[in-house]
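Numbering of the sequence shown is given in numbering that gives the first Met the number 0, commencing with residue 0 and proceeding in unit increments.
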Amino acid sequence: MMPAIRVLAIFTACALVTACGGGDSGGGATSGADPVGGGTEPVTDAGSDNNSGSDVDIGGDEPVVLADLPSPPLTEAPSANDEPIALAQEFHTITDFPLVGEPSPRVPVSVVSQFSEADFAAGLPPAVVSVPDGVDPALNGAPFFEGLQNVRVNAGDVVEIRYAPRDPEGELPGQFAQELPPGATFDDNFDGTRTLRWQTFQADVGITAFTAVAIDPAVSSYRSSQTLLIAVDESVDPANVVNATPSIRAVDNYTVRVGDPVVILLDGQDRNGTIPSIELVNPPAGATLTPDYRDEGLSWLRLVPEFVGTLTIDVLTRDALDSSITGLDRITLFVKPASEFERSGARLRDAAANGRVLFGSALSPVFYLQADGGLYESFADSEFALMTPESSMKWDAINPLPGLFEWADMDNLMRFAEQHSMAVRGHPLVWHRSLPSWVEETAVEDRIVHMREFITRVMNRYADRVDIWDVVNEPLNDTSGEMRQSLWFETLGEQYIDIAFAQARELDPAATLVLNEFDVGFAGPKFDGLLQLVDRLLARDVSVDAVGFQMHVFSSFNQFDELAANMAAIAERGLDIHITELDVALVAGASDATQANVYARVIETCQEQPQCTVLQTWGFTDRYSFRTVTEPLYLNRDFATKPAYEAMQQTLSGN
Ligand code: 9MR
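What follows is the structure, given as structure tokens:
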């Protein structure tokens with residue numbers, strides 16, 4: 000059971016309002032402040048006076064005091080309606096424990112059309128000109144498009160609009176298109192003009208905006224963005240609307256292991272907005288095709304390949320309006336014998352444990368909904384003693400709308416960790432990214448309470464299964480080491496960090512609480528800024544136990560001495576070091592051996608520092624990496640080991 004929840008009372012108010020004066024030298028500013036314990040007031044708008052950022056005085060060394068969160072809460076708490084339901088086997092690849100899915104039906108996230116008929120009637124929107132420093136528009140006029148106006152058509156018509164960029168100085172500007180309407184092209188006429196060509200369908204009815212950008216011939220960063228509105232009306236005679244051939248959304252080729260269940264999501268598409276039916280032309284023995292339980296446009300193909308070799312499955316889509324119109328798509332699976340995926344030597348987690356380091360990886364959301372989920376699971380369950388949800392615990396994943404909680408993905412990863420005896424790192428409780436838009440739109444004076452409500456809800460559900468929490472992620476600017484002017488910083492200056500840690504500590508007294516940051520594995524202003532922040536937090540008794548070094552590095556990385564020195568500086572302050580997100584992007588021309596060496600030496604550096612207690616990679620296969628094009632991980636896209644795997648094994652084993 001979690002202890003009862005108390006909220007931030009009033010932060011040390013004097014320190015947080017400009018009226019109290021600035022000067023943060025030595026912390027006198029808050030000493031006379033009157034922390035209100037047990038108060039009921041949420042954060043007042045005093046916080047909003049502190050938006051200015053770096054001149055905010057966060058005050059002295061007073062620990063924050065938490066008081067009760069507001070009742071009723073600012074947004075509706077999770078309820079029984081959010082509870083996941085059992086997920087049938089037809090929809091996933093896991094065989095050794097039951098999975099859950101979101102309850103049906105899905106609550107739609109409302110999509111508000113950006114442009115209305117009134118906007119259309121108002122005429123062509125004005126161009127948006129970006130004038131770089133050093134350009135005087137009086138001397139160099141902005142480029143523009145000649146002769147454009149908003150366009151109205153009927154569904155079924157082909158839109159053709161010629162874009163002729165012009166420049167007041169007479170030279171010909173360049174141009175490019177921002178996102179095109181579905182199926183449209185922006186064709187080069189080889190005379191400086193381009194033509195937008197768009198075959199409209201019934202599904203396109205409404206107002207679509209299209210933006211082209213003209214580039215000044217003299218200064219390429221001097222640009223005009225011109226949006227044009229295209230109103231597509233209902234067709235006078237629906238029979239005039241072309242009926243396009245349906246298809247399924249493209250499916251990648253996958254390598255799978257013989258005998259593992261495979262699932263493939265088939266997403267029927269038709270440009271006119273109807274949903275085609277799906278048939279398998281040559282279904283493999285035992286294959287099932289099951290409509291998704293939440294979205295009628297989706298079907299799940301599930302099969303267990305029995306033979307090694309290349310398996311092709313042809314999928315026929317049949318038009319919803321005219322059954323004689325069909326599309327054909329092919330899915331290819333490379334089915335390999337189990338022996339291809341066997342690995343000699345110690346498993347990474349066991350090798351690491353000998354050297355007292357906890358070894359693990361981030362796990363992709365819903366890996367069990369991918370064709371190669373079986374291979375993914377078997378590698379993860381044998382190699383890792385610790386797992387972090389790569390994205391399933393982020394705010395936008397769990398709480399996309401106020402009062403709506405989607406727990407299923409995170410519940411499944413927790414269950415996976417439990418099943419395979421892995422420790423769990425919760426990630427991240429407070430971050431400026433991966434926020435649902437409703438959080439970004441909250442009033443600054445309410446935001447700390449929203450933050451605390453989120454922390455509370457996540458920790459109440461998972462704290463008894465989580466050992467380590469990344470409480471605050473990336474509080475510093477990308478390179479400078481100054482505080483990031485994030486929407487969290489905007490509330491109370493850096494005291495949001497104190498509050499987040501106090502809240503996390505209260506809810507999970509025994510957990511390891513971490514401040515996680517990137518680009519701190521080498522010397523420079525960012526690491527200096529981190530150390531200063533850590534010192535300020537420790538001076539205020541903030542309950543931080545460890546610093547996470549993310550370590551998204553490149554194969555050219557060679558500052559191992561600096562990494563060791565940085566770790567030592569954190570260790571001297573009594574904190575542990577966790578390598579939290581290690582991956583090594585290949586730079587052009589670099590070999591796998593160079594990459595392997597970086598993995599080995601980062602691991603070695605951690606092993607040499609007694610307080611480096613956790614080593615974690617950010618995924619393990621190049622197929623599911625956020626840096627996939629740079630092949631930063633130690634299995635390739637087909638789950639074959641790369642030299643980095645053996646190098647890690649050897650280094651972790653101390654060989
Ligand atoms: O790898 C993650 C990627 O799949 C997500 O799209 C992205 C946004 O949520 O986050 C990535 O993970 C980040 C991590 O949570 C924090 N440190 C930086 C990681 C890479 O951006």
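Backbone N, C-alpha and C define an ideal beta-carbon position, used for all residues, glycine too.
Three-way DSSP call (helix, strand, coil) for residue i in this model
| i | result |
| --- | --- |
| residue 475 | strand |
| residue 44 | Residue placement at residue 44 is poorly supported in this model, since its pLDDT is 29, which falls under 50; the coordinates are not used for a value here. |
| residue 28 | Unreliable placement is indicated for residue 28, whose pLDDT of 26 sits below 50; no coordinate value is reported for it. |
| residue 531 | helix |
| residue 628 | helix |
| residue 299 | strand |
| residue 401 | coil |
| residue 8 | The predicted model places residue 8 with a pLDDT of 33, which falls under 50 and marks its position as unreliable; any figure quoted below should be read in that light. Correct three-state label for residue 8: coil. |
| residue 335 | strand |
| residue 113 | coil |
| residue 373 | helix |
| residue 388 | strand |
| residue 636 | coil |
| residue 447 | helix |
| residue 566 | helix |
| residue 461 | helix |
| residue 557 | coil |
| residue 436 | helix |
| residue 51 | Model confidence at residue 51 stands at a pLDDT of 32, short of 50, so the residue's coordinates are unreliable and nothing is read from them. |
| residue 239 | helix |
| residue 394 | helix |
| residue 21 | With a pLDDT of 28 at residue 21, under the threshold of 50, the predicted position of this residue should be treated as unreliable, though the coordinate-derived value follows. Looking at residue 21 - three-state DSSP - the assignment turns out to be coil, as it is neither helix nor strand. |
Residue i CB to nearest heavy atom of the ligand 9MR below 8 Å
| i | result |
| --- | --- |
| residue 525 | no |
| residue 439 | no |
| residue 468 | no |
| residue 625 | yes |
| residue 197 | no |
| residue 432 | yes |
| residue 230 | no |
| residue 476 | no |
| residue 472 | yes |
| residue 517 | yes |
| residue 335 | no |
| residue 405 | no |
| residue 487 | no |
| residue 630 | no |
| residue 551 | yes |
| residue 426 | yes |
| residue 520 | no |
| residue 436 | no |
| residue 554 | no |
| residue 361 | yes |
Endpoints, beta strand (DSSP E) assigned at residue i
| i | result |
| --- | --- |
| residue 157 | 157–165 |
| residue 203 | From DSSP, residue 203 is part of no beta strand (DSSP E); its letter is neither H nor E. |
| residue 232 | 222–232 |
| residue 515 | 511–516 |
| residue 289 | 287–290 |
| residue 151 | 150–153 |
Residue nearest to residue i in terms of C-alpha spacing, selected from the options
| i | options | result |
| --- | --- | --- |
| residue 287 | 301, 167, 68 and 312 | 301 |
| residue 563 | 602, 554, 592 and 584 | 602 |
| residue 547 | 494, 505 and 610 | 610 |
| residue 67 | 498, 428, 124 and 274 | 498 |
| residue 204 | 259, 270, 166 and 244 | 270 |
| residue 252 | 309, 472, 274 and 220 | 309 |
| residue 159 | 384, 150 and 591 | 150 |
| residue 506 | 598, 491, 536 and 468 | 468 |
| residue 586 | 100, 229, 616 and 627 | 627 |
| residue 263 | 634, 330 and 438 | 330 |
| residue 224 | 176, 188 and 232 | 176 |
| residue 199 | 183, 281, 210 and 147 | 183 |
| residue 513 | 480, 148 and 577 | 577 |
| residue 509 | 97, 552, 353 and 464 | 464 |
| residue 339 | 378, 500, 166 and 128 | 378 |
| residue 490 | 82, 455, 450 and 594 | 450 |
First through last residue of the alpha helix (DSSP H) which encompasses residue i
| i | result |
| --- | --- |
| residue 642 | 642–652 |
| residue 348 | 347–353 |
| residue 580 | Where residue 580 is concerned, there is no enclosing alpha helix (DSSP H), although the beta strand (DSSP E) it sits in stretches over 575–584. |
| residue 312 | Taken as a continuous stretch (DSSP letters only), residue 312 belongs to no alpha helix (DSSP H), being part of the beta strand (DSSP E) at 308–317. |
| residue 489 | 488–491 |
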